[in-house]
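Student: Protein chains in written order, with this note's numbering: chain A, 1 to 438; chain F, 1001 to 1529; chain L, 2001 to 2172.
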Amino acid sequence: MTDPILLRARGLKNSRSLATYLKLGGYSALEKTLSMTPAEVIEVVKASGVRGRGGAGFPAGVKWGFVPRDTAKPKYMICNADESEPGTFKDRELILVDPHMVLEGIAIASYAIGANTAYIYIRGEFVEEARILAKAIAEAKRKKYLGEKILGSGYGLEVHIHRGAGAYICGEETALIESIEGKRGLPRLKPPFPAVVGVFGCPTVVNNVETLACVPHILEHGGAWFAGIGTERSTGTKLFCVSGHVERPGVYEAPMGITFREIIEDLCGGMRGGGELKAFIPGGSSAPVLPADKIDTAADFESVAQAGSMLGSGGLIVMDTTVDMVWALENLLIFYAHESCGQCTPCREGSDWAVDIVRRIRRGYGRPGDIETLHRIARFASQGMTICPLGDAFCGPIASFLEHFGHEFEEAISKASSMTTNALPILPVQSDREMFGI
Amino acid sequence: MVTLTIDGREITVAEGTNLVEAAAAAGIEVPTYCYHPGLTVVGQCRICFVEVEGMPRLVTACSTPVQSEMVVLTASDRVREARAAVMEFLLENHPLDCPVCDQAGECGLQDYSVEHGLDSTHMVDERRTNPGRERHLIGPHVVQNQNRCIHCTRCIRFTTEISETSDLTMKSRGNHSYIDTFDGRPFDNPWSACAADVCPVGALTVKEFRFRARVWHLEETKTICPGCSIGCNIMLGHLNGVVHRFVPRENAEVNGWWMCDHGRFLAEGLDRRTIDVPLERFGEGERRISWDSAFVQVAQWLREAPQTLVVASANLSNEALFAVRRNLIEGARMDVIVPVSEGETRRIKNGRGVWFSSTDAHPNSAGARHLGLTTVDAANLESYLLDGSGPVLILDAHAHPWLDSEGAAAITANRRVAALARYRTPLVDTASIAMPLASWAETDGTFTSSTGRVQLARNALPPVGQARRAWEVVYRLALELGIEQERAMTTRILFAEMAAEVAAFSGMTWGRLMAEPGMPVHEEVLGVG
Amino acid sequence: MTAPLVVASPDEVTDVTFDRSMEVQIERTLQQYPDSGAALLPILWLCQERWGWISPGIMEAVGKRLDLAPAFVEGVVSFYTMYQRRPPGKYLLQVCTTLSCQLCETSVLVDYLKRRLCIDFGETSGDGLFTLVDVQCLGACGEAPVIQINSDYHTDLTVQKLDALLDRLAGQ
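Here is the structure:
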């Protein structure tokens, strides 16, 4: 691949400034957009085939098309900068390198769906990044790229930043909406979908930072141009975040369809310290783990799905042969149990239960029925049993770790000692009459 | 209207009905926890899964509205499996408390785990517990055991949507989430015990009922709350002659599924009785007499006196007050007054979201007015008592708070007072004759609420010991005075005679009152009182 | 260099009123939403920036200002891990313990921190300087191990770097 698109400003001095962005041709796509109708803009984005880069991979243009045109209700555009999926750090990179690209994408998307207000929901930990965006918004407003009468047109857009406060679940679009409305981040029942009933009861589109960052380029060069990069059904470039046991972890832009071997060996300098690859998680921790022999899989939605996993957010976690897979699964399950909102039974109970089992196995107290129980939990906390995909997000790892590395679990169990517990059941220890005066 | 098929049965229901209600209409029970007909739908517990032909995934019945020609399966293999899994998840951290838990016998987990759950669990790890919240008096009337909580959020939704006090919330998240009040302050809104009602398990239970009785031993009688004029429908739970609790009974028009704490905990005082047998003042003390003697003696006083004052009560049934009107006013030309008192404002929300409010502390002031009786406040009651020298027949010594006072006893000290009472007051202790009055639990009859409904209260117990009901006493006196004749006399007969004679009750029958949730008072009379 | 947190004592945040400058910020925040309830999270952040943590008194004041029941406010505050429920030390050491950082030996840093500060996760050092908290993925996995101290990300950490860093912070 020749020149980077999303990360074109990386390494440049003052890459974040409006002046730099304009020099690289920024905001000309927005100007062009304002001369088109919203419907035309949506068609261009549909033609590009760009799919959501937050993890779900849903075609952005199609999502924009779901917003009803014939309603008096105001529309809202929301940029999802909650980036909390373990192994994912590309949105942070985009904001640190080129915040205006993100803003331009938000502006074009807002125009396309008829929104005059946009919120950037950014995770609470990204304090510096929120400041950078706020500064960029102020800069853009001063030069009329945002605010009232953008570039002299009749279209106006206010962009507000709304900080999260430490909840991965708020990356799920309906939980995000609840969080904006000032509530606990509990995902909503769907239908209705946000495009019809979203924030404040109004039509809303939620898009990931990276997805929106693609949009100015698509409008600039056309949908066909974008569709010509990558593969047929996974178009454009993707920001791959590589972490774990590689020489040079970081964010790398490459066309969809590059293989994981190429990412690890060519872009990241190979395995850390010359180690041997054991397993990798291709798309953020919610993606099923793949064994080393899948390294030649192409990094696009279809190929990864065929290999038994998901491209997801493109957060590639690389593990070498020093990694104890029982330990790794325990670590991931702790994350999901910590982040479960607690609303629905299978996820609330199943996530914690799974942690208990895997922790016990790792500590050397595994029991013969444990693997079967883990499979049972994985089966019944996914595939629609839960309100939102967080259930699937922890069940995928359980199922895939057991599928590819089940022997490690079996070995740990067979070596286990039998555990006796000193825990006593809780019984009333004094008269209730005394306690309650009854 | 929408027609659909559930488990092979065709059913037609209103548009917008959810599948839980539609199945119920078809005679099929879909298990639920978080779903409650009086609260918003949250679809959280995931127990109500059903299969809908054409939909790839199971759907939660509570959040799925009916659609024309839908084909629903509530007991397919897929559904059974899913439900069993959810039951297992629910029981996984749930403590084995059944032997010490008040909810046993009316517990959602017990009810559904036998039919829908597995017969064992795969869980061998330690259950998560909430130290410090296992027997926590979260409010004056509610005990919390957070270990038992299944996170259905019914209690929270009750405080937000029904009591509108928003005093319960979920704190933290995931498996560590727990129910609590703001800053641990007491959970004490006027309907707090309703949160324990809606809790499907023993996570929230009523303090006053703690360890009192197993619910399957209780007999439950349909009656009305005597706490104010609204007339919430209740079930009175009793065992071996002891009243153990009031719980609300569903009535969409009056009280929804709710009742206030004031009314609910009147159950605690119903057994209070210190007048067991008729007593006659005898010199400085008193002596026991028989009812026969009491009737003869009282009738004689009434016959001799030129004018008798009768203090009736707005706590008495329509039938008792009708007997008073017919026999004592029309028949014997006595002066009859009905004391009414204002109390604290009581409120309840009905099943349509409408609030009712009352400062009338009696269950039947409206009935008294519809029967044309004179109602008086404390001041007037006092002046009636001061103004006269004839005998006073008090049909309920607890008819008004003022009657409990020393002042009331002083005023009536030099008159012949015959009083029906349950427990001793200064006035009762100085009455010439005191007779045991049946309690609310021993009363049956109709009562007219301030919302204009005539409702039937059944008696849970026969009158205890020698206690009698007011209408019986009136009838017996009327017999002694020659106003009435020996004939069959029951509340039901009295009611029929009253309905025939009094406009407010025209068209009503006892049978319909048993079946229907109260009947509206005849329109013409609604303006009265 | 990471600035220390300004933390109010419990007495200072029992009865809370918003001064003029806070009111101005609250008003500005309310302008951003058609519904005042949506201002809850931003206003809680304003309070935490002002007083260092969220006390029951603050929750009551916020509830009153936004016409929200205090129990509701507490439910929200307790859901989000970044709102501090107790006064933290001057430096809140938020150590990422999720997989990518663990693959880069963050457990070594954790052991070091616990030994140097003589505390466990959830505790504050005796001198009131450092509060140690374990957090989930901070979204900077390419620069693992990562620790967020107050608002700042400190990345590519080693025991030596961390040791020097804590010395500098303690000296401030």
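Glycine is no exception: its CB is placed at the ideal position from the N, C-alpha and C atoms.
If you're wondering where the values come from, they're calculated on a predicted model, not measured in any experiment.
Please report whether the beta-carbon of L:W2053 lies at a distance below 8 Å from any beta-carbon of chain A.
Tutor: Answer no: the Cβ-Cβ gap between L:W2053 and chain A never drops below 8 Å.
Student: Taking only three categories from DSSP, how would you classify A:M36?
Tutor: coil
Student: Using CA coordinates, which residue listed in F:L1393, F:A1418, F:S1383 and F:R1416 is at the minimum distance from F:G1407?
Tutor: Answer by Cα proximity: F:S1383.
Student: Closest to A:N208 by C-alpha separation, out of A:P368, A:I413, A:C170 and A:P249, would be which residue?
Tutor: A:C170
Student: By Cβ distance, which residues of its chain are closer than 7 Å to F:M1508, with the 5 residues on each side in sequence left out?
Tutor: Cβ neighbours of F:M1508 beyond the five flanking positions: V1454, A1499 and M1519.
Student: How many Å lie between F:L1279 and F:R1416 at the Cα?
Tutor: 14 Å
Student: A:A109 to A:P203, Cα distance in whole Å?
Tutor: 13 Å
Student: Any contact between the stretch 1151-1159 of chain F and the stretch 1197-1209 of chain F? By contact I mean 3 or more CB pairs, one from each, below 8 Å.
Tutor: yes
Student: Using a Cβ cut-off of 8 Å (strictly closer), state whether L:E2195 contacts chain F.
Tutor: Past the edges of chain L, shown from 2001 to 2172, lies residue 2195 of chain L, and the structure says nothing about it.
Student: Taking only the alpha-carbon atoms, compute the straight-line gap between A:V323 and A:I387 and give it to the nearest angstrom.
Tutor: A:I387 has its alpha-carbon roughly 33 Å from the corresponding atom of A:V323.
Student: Short of 6 Å in beta carbon distance, which residues of its chain neighbour F:D1404, apart from the five on each side in sequence? Order them along the chain.
Tutor: T1425
Student: Check the Cβ of F:L1058 against every Cβ in chain A and list those closer than 7 Å, keeping chain order.
Tutor: G384
Student: Since F:I1234 contacts F:T1223 with CB under 8 Å, what's their CB separation in whole angstroms?
Tutor: Indeed, because the Cβ distance is near 6 Å, the residues count as touching under 8 Å.
Student: Tell me the DSSP bridge mates of F:E1342?
Tutor: F:D1360
Student: Taking 8 Å as the CB-CB limit, is L:P2056 close to chain F?
Tutor: yes
Student: In this structure, does DSSP put A:Y168 in helix, strand or coil?
Tutor: Helix.
Student: Output needed for L:L2129: all residues of its chain with C-beta closer than 7 Å, excluding positions within five of it in sequence on either side, in chain order.
Tutor: G2089, K2090, Y2091 and A2170
Student: Restricting to Cα atoms, I'd like to know which of F:V1340, F:H1370 and F:G1038 is closest to F:S1358.
Tutor: F:V1340
Student: Does the stretch 1368-1378 of chain F come close enough to the stretch 1327-1347 of chain F that 3 or more CB-CB pairs lie under 8 Å?
Tutor: With a cut-off of 8 Å, the stretch 1368-1378 of chain F and the stretch 1327-1347 of chain F count as touching, because enough Cβ pairs lie within range.
Student: So, F:A1022 versus F:V1066, is the Cβ gap smaller than 8 Å?
Tutor: Going by C-beta atoms, F:A1022 is nearer than 8 Å to F:V1066.
Student: Helix, strand or coil: which one does DSSP assign to A:G250?
Tutor: strand
Student: Here's the rule: buried if 16 or more other CB atoms are within 10 angstroms of the residue's CB, otherwise exposed. What is F:R1157?
Tutor: buried
Student: Identify which residue in F:T1121, F:S1068, F:R1326 and F:L1109 has its Cα closest to the Cα of A:G369.
Tutor: F:T1121
Student: Less than 8 Å between the beta carbons of A:I371 and A:E410, yes or no?
Tutor: With respect to the 8 Å criterion, A:I371 and A:E410 are classified as neighbours on the basis of their beta carbons.
Student: Going residue by residue through the stretch 1394-1480 of chain F, where are the continuous beta strand (DSSP E) segments of at least 3 residues, counting only ones entirely within it?
Tutor: Within the stretch 1394-1480 of chain F, the complete beta strand (DSSP E) runs of at least 3 residues are 1417-1421, 1433-1436, 1445-1448 and 1453-1457.
Student: Am I right that F:R953 and A:C344 are in contact with their C-beta atoms under 8 Å? What's the rounded C-beta distance?
Tutor: This structure cannot speak to residue 953 of chain F, because chain F is shown only from 1001 to 1529.
Student: In angstroms with no decimal places, state the Cα-to-Cα distance between A:L12 and A:G228.
Tutor: 27 Å
Student: Are A:E353 and F:E1092 touching if we call contact CB-CB under 8 Å?
Tutor: According to the sequence displayed, residue 353 of chain A carries Trp and not Glu. A contact, by the Cβ cut-off of 8 Å.
Student: Tell me whether A:I271 sits in a helix, a strand or coil according to DSSP, three-state version.
Tutor: First, the residue type needs correcting, since residue 271 of chain A is Met and not Ile in the sequence shown. A:M271 falls in the strand class under three-state DSSP.
Student: Per DSSP, which residues does F:V1071 bridge with? Please list them.
Tutor: F:T1005
Student: Would a check of beta-carbon distances place F:D1125 closer than 8 Å to chain D?
Tutor: The structure shown has no chain D; the protein chains it does contain are A, F and L.
Student: Let's see if you can read the secondary structure: which residues bound the beta strand (DSSP E) around F:V1124?
Tutor: Note, F:V1124: premise wrong, no beta strand (DSSP E); not H, not E.
Student: Three or more C-beta pairs under 8 Å: does that hold for the stretch 1488-1495 of chain F against the stretch 1308-1325 of chain F?
Tutor: yes
Student: Could you check whether the stretch 129-145 of chain A touches the stretch 77-96 of chain A, counting it as contact only if at least three pairs of C-beta atoms, one from each stretch, sit closer than 8 Å?
Tutor: yes
Student: May I ask which residues mark the beginning and end of the alpha helix (DSSP H) holding F:Y1112?
Tutor: Residues G1108 to H1116.
Student: Tell me whether F:H1094 is buried or exposed, calling it buried when 16 or more other Cβ atoms sit within 10 Å of its Cβ.
Tutor: buried
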